[in-house]
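Worksheet: one structure, shown below.
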Amino acid sequence: MSTNALIPDHVPPELVVDFDFFALDQLGKEDIQLAWATLHDGPDIVWTPHNGGHWIATRADDIGEMQVDYEHFSHKNFNLPRSDYDQYSLPLGLDPPVHTPFRKAIMPAFQPRTIKTLEDIARETARSLVAEIAPRGECEFVEDFAKVLPINVFLGMVALPLEHRSFLLEWAEIAVRSPDVALRAEVHAKMREYLTPYIDARMQNPGDDVLSMVITSDINGRPPSRDEVFGMSSLLLFGGLDTVASQLGFIAMHLARNPEQRRALHEQPQMRARATEELLRRYGLPNTARVLTKDYLYKGIQFREGDLIQLPKCLFGLDDRKNADPLTVNFDRKPSEVKHAAFGAGPHVCPGAVLARREIMVFMDEWLPMIPDFEIETDKPLIMKSGPVNGVLALPLKWKV
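The opening residue of the sequence shown carries number 752 in our numbering; numbering runs sequentially from there.
This is the structure:
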């Protein structure tokens, strides 16, 4: 077993697994989520010595309980390997009640009127991209479409220049998927340097963009500091770019592999909302962690203060105790039968869930009428990686024109 941590005395040997979530592509599975699902063959909660050593909750009930129990499972450390800057990612690195005013500060970005404006940006972007891509008969879906759509929405949200999207995407990729803590810290420093002049300018002259909304928000009767504005705005960037791009990549990959379901979505647009939930369930993304606030005996397992436990959202949706035949994508499942944790739960439930769903629907609405039949180009690499966020890094597609 190749590890970088000793096994603590309080970890039972029978719960130790050789599982490095940064290396799941090496298992040779059809997709990253199937590689994660191998953990369902073992104990409900396991411990791996990789990446500094941490627990992993593999079952939906435990993941669900730990997501909401912030008194024992704090969000002050949510990245693996452990890093010191999680607490500055606001409000994600805070727990209630300190968390609450910062969450309220970003919520105006996701009110119905704002969502409608952002959906319009997404739809205009998608139409333009598909019009350019369709006549080519091929594309690299992630670079040509999946990454462009959400960053155009984000830059429209905060009123930043579109021409900056290439380096912002590069930074987002490192922030959400790199195992190198020092490199992630370097990217956060670059992001701070980039955003500071924009934050300073909006502090002097606020507009009607989301960055100005955050700047003019109320944090327990005072305005947020520059550092707090940076923490909230960088979370909006890193939280919204790579996750949507990755989700679109998995969905396009699935539709390319399953022509009958793809044609059904093309011919029956009313199925798309239901299909979105089923695809979110099957292809879960976030693999964030929690840190134990105190020694805690949970279901016979002795956790110690400071232990990290990972809560992979895909394992919630793939749990056969929660979803029947969970590895099969079935668009005919009733809404009540689709159980997933794609956007988390409790005080840290993703505020951008509605927007993410809209962006997925925009992709289906604009892509399928123009490119109804497409497949994976097998002569080019299809690349998937796991990390804090599961992702499709390269998806070559082709179709007849």
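Just so it is clear, CB atoms sit at the ideal spot from N, CA and C, and this is done for glycine as well.
Could you spell out where the beta strand (DSSP E) holding residue i opens and where it closes?
i, result
"A1040", "1040 to 1043"
"W806", "805 to 808"
"E1088", "Counting along the chain, E1088 falls outside any beta strand (DSSP E), and DSSP gives it neither H nor E."
"W798", "796 to 799"
"I1052", "1052 to 1054"
"L906", "Counting along the chain, L906 falls outside any beta strand (DSSP E), though it belongs to the alpha helix (DSSP H) covering 899 to 909."
Go ahead and pull the three-state DSSP assignment for residue i.
i, result
"R977", "helix"
"A1093", "coil"
"V1140", "strand"
"I1060", "strand"
"T1079", "coil"
"F1145", "The sequence given here has Ala at residue 1145, not Phe. Three-state result, A1145: strand."
"F861", "helix"
"L785", "helix"
"N1009", "coil"
"D969", "coil"
"Y1049", "strand"
"F824", "strand"
"P763", "coil"
"S840", "coil"
"I1111", "helix"
"V1105", "helix"
"D1116", "helix"
"L988", "helix"
"I1122", "coil"
"L1182", "Because the chain spans 752 through 1152 in this model, residue 1182 falls outside it and cannot be assessed."
Who are residue i's beta bridge partners in DSSP?
i, result
"L999", "Partner(s): none; L999 has no beta bridge."
"V1100", "V1100 pairs with nothing; no bridge assigned."
"C890", "L1148"
"I1127", "L1148"
"I1134", "A1145"
"P1037", "V1140"
So the candidates are the options; which of them puts its Cα closest to the Cα of residue i?
i, options, result
"R1084", "A940, S840, E1029, K780", "E1029"
"P763", "R1055, D769, W798, T1039", "W798"
"A885", "E1128, N1141, P1123", "P1123"
"E781", "V1140, V1152, W1150, L1133", "L1133"
"L831", "R1033, R928, I950", "R928"
"Q818", "G958, N1038, A1015, R887", "N1038"
"M1004", "G1142, F918, P842", "G1142"
"G804", "V768, Y945, E883, L987", "V768"
"F1114", "E816, R874, K867", "R874"
"D993", "G1068, N903, F981", "N903"
"S976", "E944, A811, F853, L1148", "F853"
"Q784", "K941, R1013, P1086, I1002", "I1002"
"E891", "Q777, E1088, H1099, T1129", "T1129"
Along the alpha helix (DSSP H) that carries residue i, what are the first and last residues, could you check?
i, result
"Y945", "932 to 955"
"E694", "Here the chain has residues from 752 to 1152 only, and residue 694 is not among them."
"Q1019", "Per DSSP, Q1019 belongs to no alpha helix (DSSP H) and is neither H nor E."
"F772", "It is not in any alpha helix (DSSP H) - F772 carries neither H nor E in the DSSP assignment."
"V916", "Rather than Val, the amino acid found at residue 916 in this sequence is Arg. First-last of the alpha helix (DSSP H) with R916: 916 to 928."
"A885", "Note, A885: premise wrong, no alpha helix (DSSP H); not H, not E."
"I814", "811 to 819"
Original post:
Is it a yes or a no for the region 954 to 963 touching the region 903 to 921, going by three-plus beta-carbon pairs under 8 Å?
Top reply: yes
Original post:
Between the region 1052 to 1062 and the region 1104 to 1124, do three or more beta carbon pairs fall short of 8 Å?
Top reply: no
Original post:
Would you call the region 986 to 1006 and the region 890 to 898 in contact, with 3 or more CB pairs under 8 Å?
Top reply: yes
**OP:** Determine contact between the region 969 to 980 and the region 914 to 924, defined as no fewer than three beta-carbon pairs at a distance below 8 Å.
**Re:** no
Original post:
Is the region 785 to 798 touching the region 1068 to 1082, taking contact as three or more C-beta pairs under 8 Å?
Top reply: yes
Original post:
Does the pairing of the region 844 to 864 with the region 1114 to 1122 give three or more beta-carbon distances under 8 Å?
Top reply: no
Original post:
Three or more beta-carbon pairs under 8 Å between the region 938 to 958 and the region 841 to 855, yes or no?
Top reply: no
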